[in-house]
Amino acid sequence: MGPDVPLLNDYKQEFFLKRFPQTVLGGPRFKLGYCAPPYIYVNQIILFLTPWVLGGVGTLLYQLDIMKDYYTAALSGGLMLVTALILQMTNLYARQKTVTVERMQIQNTLRDEDEYEFSSCVGSETVKFIIPGKKYIVNAVFHSFLAGVMCGLGTWYLLPNRITLLYSNIGGTVVIFVFGWVTICIGEYSLIINTATETATFQALDTYEITALMRPFYIFVFIAVDLAHRFTVNIPVLEQTNQILHIIFLFLPFLWALGILPPLDALFLWGMEQVLEFGLGGSPMSSNTRLLVMFLISAGTAIASYFIPSTVGVVLFMTGFGFILSLNLSEIGLAFKHTMISHLASNKSKSSGPRIHSVWREFFFYLTVLTLALIEASLLHHFAGFSAFSKASPQAIDVRTVTVFMETQRRLMKVGVVRRILLTLVSPFAMIAFLSLDSSLQSLHSVSICIGFTRTFRMVWQNTENALLEMVIVSIVQMLLFNTDVWWNRSLDTGIRLLLAGVIRDRLLQLISKLHFAAAVLLTSWTEKKQRRKSTATLITLNIVFFPIVLAFIAVSALLSSPMLPLFTLPIFLIGFPRPIRSWPGPVGATACVCSDTMYYQQVVPSLAAALQSALASGSLGLSLPGSHYLCRFQDRLMWILVLEKGFTYCCVNIKGLELQETSCHTAEAHRVDEVFEMAFEHQEHAETFSLNHHFGNILTPCTALPVRLYSDARNVLSGIIDSHENLKQLKDDFLKVLVWILVQYCYKKSKMCEKLDKTTKNKEESFPLTQPKAFDSAVENLRPIKDEDSFSVDTIADWTDDSDLFDLDPSRTRERKETERLEAAPRTLLSVPGSVEMESAAGALQETAPEDKLYKAVVLGLPAVDKGKKQEVVSLPLVEFSCSYSELLSIPEEWRTAPIPTSKLNEMRQRFPEDWYHFVLSQLNFFHLKEKPSNLLEDITKDKALKELYVHGVLSCCFGLFGLDNTVPAPSHVFRAYTGGIPWCVGLDWLTGKPELFQLALKAFRYTFKLMVDKASLGPVENFKELINYLEEYESDWYIGLVSDIEWQQAVLQEKPYLFSLGHDPNMGVYTSRVLTLQELLVQVGKLNDEAVRGQWANLSWELLYATNDDEERYSIQAHPVLLRNLTVQAADPPLGYPVYSSASLHVPLL
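Position one of the sequence shown corresponds to residue 116 (this note's numbering), numbered consecutively onward.
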């Protein structure tokens, strides 16, 4: 995809050109895209100017001295309220009428969804088009009331005499009056007629019709300042503010159209976040609920401190609550609750002990720190009776201590433990001493002191690094200002100085990040050839010519703490609307595009969070603040980390996983990420003394490499292994060995599980009468007729009809049903003959396989022709009598050895049975679960020929089902299909698949055999049986050998199976491949992203998809950009705009 791909396709361009004028005017639709009657446009113009007409009536009455100004406002507001209610009732009537008519109409599915058929000037379709109406009756009434209030106050706000008093200029009065009423008309139309789609869109859906309140809200804000100016004593600052706002009021339509003013939900969340962080000393929170609760508690703390009469009490109150509110109280309470519940549920449980001790240890640590902080603050404040800024001030000692700490800070990266101690204990107590000795707290406290010091006492714990920096800056400025009569000293106390220093620090850092981002967008639009469009030179020239304006936009964006929006990620910079630091409205981790790759991120996230714990605590990731973004890279995995919240000894993060199925754009950016990390980490030993950074300007800055327990992914081509004749020939023999081992292990484990059941049924078996052998003989006699009918005779032809399918088993089911009824007539008893296998299951197996035997003999697929009347040899099932009574513990179900194999073929296949291996496998067993057993148990079982015959029949039956009767070497395609479970059809496959449990064991054995073949080809041949046993035991305990698409594969990954193996096929290359996942602790490279670059690209994504609806998968703004990492950034956005395959909930990362 070239760089000159259209920013918007033709359809979206037409759509945008229709939507944007509607947004500018507040809702009127003058560009429809089709021919509409003139009265549609006339009606909209009349409704748009109606508030001006109604306000003009009141204005005229006031100017003629007929009515007072407030009566004028009431009259205009009342008229507007009545008009709004009439319009809403008109819409309700039109909708009801339309519903009645539509019941008798046939819907025209070919009609354009945006096209209306208008019948008259006041027809129902016309009313519905112009006045869509409200979804809720409550909103219809409430919005009508607001429309009346706004019209009334707007009339009062724009009275010509009032404007003349403000500016003393007739020309200015006329301009403000005219364009001011245009602003009010736009707000009224958006509120009561038709709400326009806003460019500043935060929520994808407007469920409660909040968007309609956005423009009236900002109008009310401007009017509120004017009312405050009217009803207060002359305040010069307020008057000047009112004058400025009257001028800005005229530009509100442009601010709405450009999307600079935020919607109400984003505004309140952003406002609470800013006040909480900079006014109350808190941190942005990980959820909206936590933000609201913490804001209310923090504000209540600041208010409560104002009413405490004692200065010592104020210091103790601020210190205590500052520490408590800086903790993650919900997580501490939740952990304490779970620990106590588990402790009460299992008092004797040893596993809960460490967790309980950990929680109590953490609790006592916090309690100790709080106690020491309170003691220090109270003592220092109580005994400090001199000025804070005298020449002999103890604060000079504190400043020197901070200076020493700042000098030591250069070595903190090498000594992470020392850094942790300094930030957790030393620095907070030093800053508390600094604050407690301040002279401002010795006098009667004011509102500014309560706000400033409440914030600072909390910042000491909530954000120690920034609090320390602010105190150092304030102390340095204080020492440099020798004139004590300066405004900084005279009007501001220490708390407010620290607050201003914090705001300036944050805004300067944002400005630097925004300038870095703007420079990267501007320069790479030319230096990156794939980003160079035909308009690039023009845009760069315009940016240079209008550099002061661009710089002003960036500065305003930093001042508002709003993202800088590069339109379509081109060097066209706009001011995005302010929004919370998380950028998205929904709950963290609530949505993700879940797919088969999600499980790999689910497995790695706990280990990554543990690694982040040490990295954040030691400072390896730099200064991590709420809103910081990090990118982790390992092989084909990309993890996006967002810091949501940070406090004393904790941090809350959100971890997202990006797609593994790399597209071309994804691959290009991932390759650049690898280059950045490779240059930083892997070429350090070859680095020169001085070398240039070839990736300067990239938004990714490498930080560190973290040891994380995760799966490494190795993919190999099996050419030379799977197509080797020798390997494939050995595959059949190895399969018999592996299957023997799996069946023995299956029966051995089953005997362990059934031990308790055997004990409970032992008494019942001993109580059976001794007439069981007679019943046994009777059952055998009843079974013999079934065997006698095994030949395909003339009698069987009567069961077939012309409509019967040759392969249909239904004709035999009738005869089988008769035989079953005859068997059910015989007495059913539990057979427990020592040294033999119970024949009840054998009888059922014979009944089950009888139709298959007859089908086999009728069709005789793949075998030589049989003479008529000649009896086909089929394996019979004689009664098995074990020479060792314990052999029954290892006996396999008899239906597993009933494959329809001719006796001659069975005798031929019997020679392939690995008897030595069978004896060796049995000799490796231990029957520790048996309390009473003979000393020569294994020897007796090994010599039991009856047991061996069972395994011979069972193993050869499975071999017959998988490979058929031919002794040919399987082809690679046959091996691949057998591995995947899509076994090529053969005579015995239907029999094998009819026994699901045996089929799964055979499939498992085949997969183990294939893995063994690969290992032997890679590591060398197996020397002896002991080594083969070790291979198989390792496969059983440490490996999952199957397919990536299996559910068991996903479970194995989540259960952290050490190794996983899968076989695949590349149809493009025509080769077979293997995939091996190995769980181990490996280094994951971590880099920090430019926060403002991420926020700016997300702001553009939100505008482009929610407003311009540009959801084209090949749009320009989603194409690869190796410097901005544009494609990866879009992926990491919250759905539905982004598409991460995994997104965690807010993760609590302790830093203690």
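All C-beta atoms in this analysis are idealised placements derived from N, C-alpha and C, irrespective of residue type, glycine included.
In terms of Cα proximity to Ser1177, the closest of Gly1202, Thr1018, Leu1198 and Tyr1150 is Tyr1150. DSSP places Met679 within a strand segment (E or B) once states are collapsed to three. At least 8 Å separates the beta-carbon of Ser640 from that of Pro693. Contact between the segment 1006 to 1014 and the segment 1058 to 1076 is present, with at least three C-beta pairs closer than 8 Å. Per DSSP, the beta-bridge partners of Cys767 are Glu760 and His1263.
A Cβ-Cβ contact shorter than 8 Å links Leu162 with Ile308.
A Cβ-Cβ distance of about 10 Å is found for the pair Cys766 and Ser1261, leaving them out of contact under the 8 Å criterion.
Here DSSP, grouped into helix, strand and coil, assigns Phe1176 to strand. Going by DSSP, Trp856 is part of the alpha helix (DSSP H) stretching over His840 to Met868. When C-alpha distances from Pro700 are compared across Tyr149, Tyr1257, Ala667 and Asp1249, the shortest belongs to Asp1249. Looking at the DSSP output, Gln1200 sits in a beta bridge with Arg748 and Ala820. Closest in C-alpha terms to Leu395, from the list Trp576, Asp789, Tyr185 and Leu268, comes Trp576. Annotation for Leu689: no alpha helix (DSSP H) segment contains it, though the beta strand (DSSP E) segment containing it runs Phe688 to Ile690.
One thing to note: Pro331 has its Cβ within 8 Å of the Cβ of Leu261.
Residues Gly173, Gly267, Leu268, Thr270 and Trp271 of the same chain have their beta carbon placed closer than 7 Å to that of Ala188, with the five preceding and five following residues left out of the count.
Approximately 7 Å separates the beta-carbon atoms of Gly248 and Gln203; this is inside 8 Å, confirming the contact. Note on geometry: alpha-carbon atoms of Ala548 and Leu495 lie some 7 Å from one another. The beta carbon of Arg210 sits closer than 7 Å to the beta carbons of Lys243 and Gly248 from its chain, once the five residues preceding and following it are set aside; these are given in chain order. Contact between Ala707 and Pro1255 holds, since their C-beta atoms are separated by about 5 Å, short of 8 Å. For Trp1154, the enclosing beta strand (DSSP E) begins and ends at Trp1154 to Gly1157.
At least 8 Å separates the beta-carbon of Ala1093 from that of Ile857. Taking C-beta atoms under 8 Å as the contact rule, Leu821 and Val1199 qualify, at a distance of about 5 Å. Taken atom to atom, the span from the alpha-carbon of Glu1228 to that of Thr653 is near 27 Å. With respect to Ala488, Phe544 sits close: the two C-beta atoms are nearer than 8 Å. Per DSSP, the continuous alpha helix (DSSP H) segment holding Met329 begins and ends at Met329 to Arg345.
Contact between Met433 and Phe568 holds, with the beta-carbon distance rounding to 6 Å and staying under 8 Å. Looking at Ile627, Arg752 and Ser672, the one whose alpha-carbon comes closest to that of Leu775 is Arg752. Taking C-alpha positions only, Thr819 is separated from Arg787 by approximately 17 Å. Taking the Cα of Glu790 as reference, the smallest distance to any Cα among Asn808, Leu583 and Asp1105 is reached at Asn808.
The criterion of a C-beta distance shorter than 8 Å is not satisfied by Val1201 and Gly812.
Val293 is the residue among Ser1000, Val293 and Thr426 whose C-alpha sits nearest the C-alpha of Leu164.
Less than 8 Å separates the beta-carbon of Ser555 from that of Ile564. The C-beta distance from Gly691 to Ala1214 rounds to 4 Å, short enough to meet the 8 Å contact threshold. Selection Tyr481, Gly1185 and Glu392 evaluated against Gly435 yields Tyr481 as nearest (Cα-Cα). Minimum Cα-Cα distance from Ser283 among the listed residues Gln358, Glu324, Lys864 and Thr782 corresponds to Gln358. When DSSP states are grouped into helix, strand and coil, Glu1009 belongs to the helix group.
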